[in-house]
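In this text, residue positions in the sequence shown follow our numbering: the first is 957, and each later residue adds one. Reading through the structure tokens given below for one structure.
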Amino acid sequence: MKKTLRIITFLMLFLPSAIFSIAQNRSGGGQSGTNAPPSSNQPTSPRRQKQILDMQGPVYVTGRIMLDTGQPPAESIGVELICEAKTLQAIRTDIGGYFTFSMGGGIDSNMDFSAANDLAPAIGRSVGNMPRNFNGSLRGCEVQASVPGFVPVNYPLTDHPDSGRLETGTLRLKRILEVPGSYVSFTSLSVPKNARDEYEKAIKDLDKKRNESAQDHLEKAVSFYGAYAAAWNELGRLHANAKNTDKALNAFERAITADPQYLQPYLSLITMHLELRHWEEAVQIAEKTLILDPSLALTNYFLAVGNLNLEKLDEAEKNALEAETKAQEAMPQIHVLLAEIHLRKQDFTRAQEEMREYLALDPDGPYAERVKKGLEEFAPTVP
């Protein structure tokens, strides 16, 4: 009996590209809602080229994200275009909440497949694969804004518009619970103009992979307004992406000092500590984050990863199950995590059940091949 087999390793459990990019993929090509031209870092396959050409001229899907308070988020927020449960595009709003998806326009399209939404709302979906039956029509597709702590907003699309443009109108994010923590920093609502201008320039630079220029603008933003938590958080992500660990940790801590209720830097810190294998620190910060917002499934997931690596298997299982319960949408990776927990407990039957559940939810997912191989190896060990 192969009792030591592991279906997933720590790196598979917790890769930023899989569940939560420290830089939120802005440095990797995420598009702002105000920038139509792409900066794709993935080659377009012949199949994708044909699918894009099938569209009769460019199509634009535009709209705005607002908070339920009636205010714009004052920070860039991720928005996805989803077709057949696949993320077709992931872009970002500007700081006023406006966004534009651009498709079928050749070099003017922002169909780059490399962007990812905030805090991994795509944790339960495959990203970067064109839906099998996609032929240029938007029938059955939807625009989704999914932000931790808020009810996901979905706007169904009908079809390819004759005018080439679809307006979603204003999509409002509503808090799940009245909790102390907030995904949007309250300091962003009272930023002086000179600091806000620098922050907005930084966001545009990040969208275009101009990281050095973005860093300059962010440093100016926090020099103009030292309590600019969102700018500190973005600066921390840049440093983290560049492997400047000490500077990144300092920036995230400055963000928390500026706004102790701002959730993003807590999640960024958890990510860093998990990557550094600082399990105890990651668990401690995750527990603090859950006090700020108990509804965050992602935080429970991170807590489970930390406790798993501390060999607190019962706690890890409890955390993973809580993440599954709290998730506003399916999170297939939870079942991969639960499979690992059961393997370490040598409960091979339950481990296989979780592996099969993962494959049922995400048969073409990032862990599918590894899980299939694990099932093949474990099958003989279970009566």
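Where is the CB? At the ideal position from N, CA and C, for every residue including glycine.
Assuming residue i contacts residue j (C-beta within less than 8 angstroms), just tell me the rounded distance between them.
| i | j | result |
| --- | --- | --- |
| F1208 | L1230 | That pair is no contact at about 13 angstroms. |
| F1180 | N1200 | Actually they are not in contact, since the Cβ atoms of F1180 and N1200 sit about 22 angstroms apart, beyond 8 angstroms. |
| D1303 | R1131 | Contact doesn't hold; Cβ gap of about 38 angstroms is too wide. |
| D1215 | T1143 | 5 angstroms |
| T1245 | Y1222 | 4 angstroms |
| L1294 | E1273 | 7 angstroms |
| T1049 | S1032 | 6 angstroms |
In the DSSP output, which residue or residues are listed as bridge partners for residue i?
| i | result |
| --- | --- |
| A1101 | V1109 |
| G1052 | None, per the DSSP bridge assignment. |
| E1036 | A1046 and Q1100 |
| I1021 | L1127 |
| S1058 | Y1016 |
| Y1218 | S1138 |
If we ignore side chains and look at the alpha-carbon of each, how far apart do residue i and residue j end up?
| i | j | result |
| --- | --- | --- |
| R1020 | G1053 | 5 angstroms |
| Y1323 | P1288 | 10 angstroms |
| D1064 | P1014 | Confidence at D1064 is low in this model, with a pLDDT of 37, below 50, so its placement is unreliable and the value that follows should be read with caution. C-alpha separation (whole angstroms): 8 angstroms. |
| N1263 | A1046 | 31 angstroms |
| R1300 | L1269 | 8 angstroms |
| G1330 | V1239 | 28 angstroms |
| Q1100 | V1035 | 6 angstroms |
| K1176 | A1307 | 51 angstroms |
| A1158 | D1172 | 8 angstroms |
| R1166 | K1160 | 9 angstroms |
| G1096 | T1114 | 7 angstroms |
| A1183 | R1210 | 8 angstroms |
| L1254 | W1235 | 16 angstroms |
| A1276 | I1212 | 26 angstroms |
| I1241 | W1188 | 18 angstroms |
| I1290 | A1196 | 25 angstroms |
| E1098 | Y1314 | 24 angstroms |
| R1088 | I1038 | For R1088, the pLDDT reaches just 44, beneath the cut-off of 50, and the residue's location in the model is therefore unreliable, leaving the point undetermined. |
| P1250 | T1281 | 12 angstroms |
| V1017 | S1058 | 7 angstroms |
| A1185 | M1022 | 20 angstroms |
| A1108 | E1285 | For the record, residue 1108 in the displayed sequence is Pro; it is not Ala. Going by the C-alpha atoms only, they are around 9 angstroms apart. |
| P1028 | V1178 | 21 angstroms |
| L1129 | R1233 | 34 angstroms |
| E1332 | L1174 | 50 angstroms |
| G1192 | F1334 | 42 angstroms |
| S1102 | Q1220 | 14 angstroms |
| E1190 | L1094 | 33 angstroms |
| N1265 | K1328 | 23 angstroms |
| N1206 | N1256 | 24 angstroms |
| E1237 | S1224 | 12 angstroms |
| R1152 | S1169 | 16 angstroms |
| K1203 | L1252 | 27 angstroms |
| L1194 | E1156 | 15 angstroms |
| I1305 | P1148 | A quick correction: the sequence has Thr, not Ile, at residue 1305. Their Cα atoms are separated by approximately 59 angstroms. |
| A1198 | H1298 | 36 angstroms |
| E1154 | A1030 | 13 angstroms |
| Y1139 | E1267 | 31 angstroms |
| T1043 | D1318 | 13 angstroms |
| Y1111 | A1283 | 19 angstroms |
Going by other Cβ atoms of all chains shown within 10 Å of its Cβ, with 16 needed for buried, is residue i buried or exposed?
| i | result |
| --- | --- |
| A1316 | exposed |
| I1051 | buried |
| I1247 | exposed |
| S1141 | buried |
| A1041 | exposed |
| E1134 | exposed |
| R1003 | Its pLDDT being 47, under 50, R1003 is placed unreliably by the model, and nothing is read from it. |
| G1137 | buried |
| S1146 | exposed |
| E1278 | buried |
| D1320 | exposed |
| G1026 | exposed |
| E1296 | buried |
| E1243 | exposed |
| D1163 | buried |
| Q1121 | Before going on, a small fix: residue 1121 reads as Arg here, not Gln. Result: exposed. |
| E1123 | exposed |
| E1310 | buried |
| E1325 | exposed |
| S983 | Its pLDDT being 32, under 50, S983 is placed unreliably in this model, and the value from its coordinates should be taken loosely. Under this definition S983 is a buried residue. |
Runs of 3 residues minimum, wholly inside the region 1117-1166: which ones carry the beta strand (DSSP E) assignment? 1121-1131
Which full runs of the alpha helix (DSSP H) of 4+ residues lie inside the region 1248-1288, going along the chain? Fully enclosed alpha helix (DSSP H) runs of 4 or longer: 1253-1265 and 1269-1282.
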